[in-house]
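In the working numbering, the protein residues as written are 1 to 225. Every residue, glycine too, gets a C-beta built ideally from N, C-alpha and C. Read through the structure below, which is laid out as structure tokens, and then see the notes.
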Amino acid sequence: MAEPAARPEGTSGGIVIKDDWPGYELDLFSYPAHYCGDLDCVFIPHGVIMDRTERLARNIMDDLGDHDIVVLCVLKGGYRFCVDLVDRIKSLSRNSDRSIPMRVHFIRLKSYLNDQCTEDLHILGAEDLSFLAGKNVLIVEAIVGTGKTMETLLKYVEAFSPKLIKVAGLLVKRVPHNAACLPDYVGFEIPDQFVVGYALDYNEYFRDLTHICVISKSGKMKYKI
Ligand code: IMP
Ligand code: MG
Numbered sequence: 001m002a003e004p005a006a007r008p009e010g011t012s013g014g015i016v017i018k019d020d021w022p023g024y025e026l027d028l029f030s031y032p033a034h035y036c037g038d039l040d041c042v043f044i045p046h047g048v049i050m051d052r053t054e055r056l057a058r059n060i061m062d063d064l065g066d067h068d069i070v071v072l073c074v075l076k077g078g079y080r081f082c083v084d085l086v087d088r089i090k091s092l093s094r095n096s097d098r099s100i101p102m103r104v105h106f107i108r109l110k111s112y113l114n115d116q117c118t119e120d121l122h123i124l125g126a127e128d129l130s131f132l133a134g135k136n137v138l139i140v141e142a143i144v145g146t147g148k149t150m151e152t153l154l155k156y157v158e159a160f161s162p163k164l165i166k167v168a169g170l171l172v173k174r175v176p177h178n179a180a181c182l183p184d185y186v187g188f189e190i191p192d193q194f195v196v197g198y199a200l201d202y203n204e205y206f207r208d209l210t211h212i213c214v215i216s217k218s219g220k221m222k223y224k225i
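And the structure:
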């Protein structure tokens, strides 16, 4: 059987990071000494993430300004992106004629073991989302890989009858088998590599890393379960 094709490059609307992007040498940046040897490169430096997030906030403001929104932060991986995105939306709300009244709610999803997606997706903290009925909802997620997680979450949230659902995803991977759903707001489109940092984890490690980095082979072995 033919290999399934990966998502075509440049279709996400995010900044495209090509398959042959080698990243930056680690020693050009600062990172915690306890991860020495566990990483291959700095893939997206923190400053670039912040600059891209600022622009995503503006796009969200252009689309949703003056409407109340409920931000649904997908934990744990989405917490950094959510904090920074909400901060920038707040800053725009303070400094322009338009503003977005925001509420923030957290849900927790878990589906990965090591660097593999499992069928077993758990949604925690989502017991009663009935307050979403008739609301504009902005789901904030750090990374969309196969898209299965997002597909499941969207179905779950739709059942509570919100008026509108938009999704902001910092990273979208070009992977085979991807489900059709893409976030409305995409930070970066990346190759099919396992990345960590900026709250993204490998078995709960690396959330305390500022930049988005590629984990090394020995890093994967060291923190394998
Ligand atoms: P999907 O269902 O394959 O789209 O996977 C989405 C979820 O898998 C995200 O919410 C992350 O928790 C996790 N994930 C996927 N790829 C990565 C990665 O490269 N690094 C860290 N977590 C990842
Ligand atoms: Mg994870």
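Item, Value
"For residue 85 and residue 52, what's the separation of their Cα atoms in angstroms?", "10 Å"
"Leaving out five residues before and five after residue 79 in sequence, what residues of the same chain have Cβ atoms less than 7 Å from its Cβ?", "73, 199"
"I'd like to know whether the C-beta atoms of residue 125 and residue 144 end up nearer to each other than 9 Å.", "no"
"Using a Cβ-Cβ cut-off of 7 Å (strictly less than) and excluding sequence neighbours within five positions of residue 108, which residues of its own chain qualify?", "75, 76, 124, 125"
"Pick out whichever of 50, 28, 136 has its Cα sitting closest to the Cα of residue 41.", "28"
"Can you name, in chain order, every residue of its own chain whose Cβ lies under 6 Å from the Cβ of residue 290, other than the five neighbours on each side?", "Because residue 290 is not part of the residues shown, which for the chain are 1 to 225, the question remains open."
"Tell me the residue span of the alpha helix (DSSP H) that contains residue 64.", "46-64"
"In the DSSP assignment, find the unbroken alpha helix (DSSP H) run with residue 81 in it and report its ends.", "79-95"
"Straight-line CA distance for residue 222 to residue 197?", "16 Å"
"Drop a sphere of 10 angstroms on the beta-carbon of residue 215, count the other beta-carbons inside from all chains shown, and report buried for 16 or more, exposed for fewer.", "buried"
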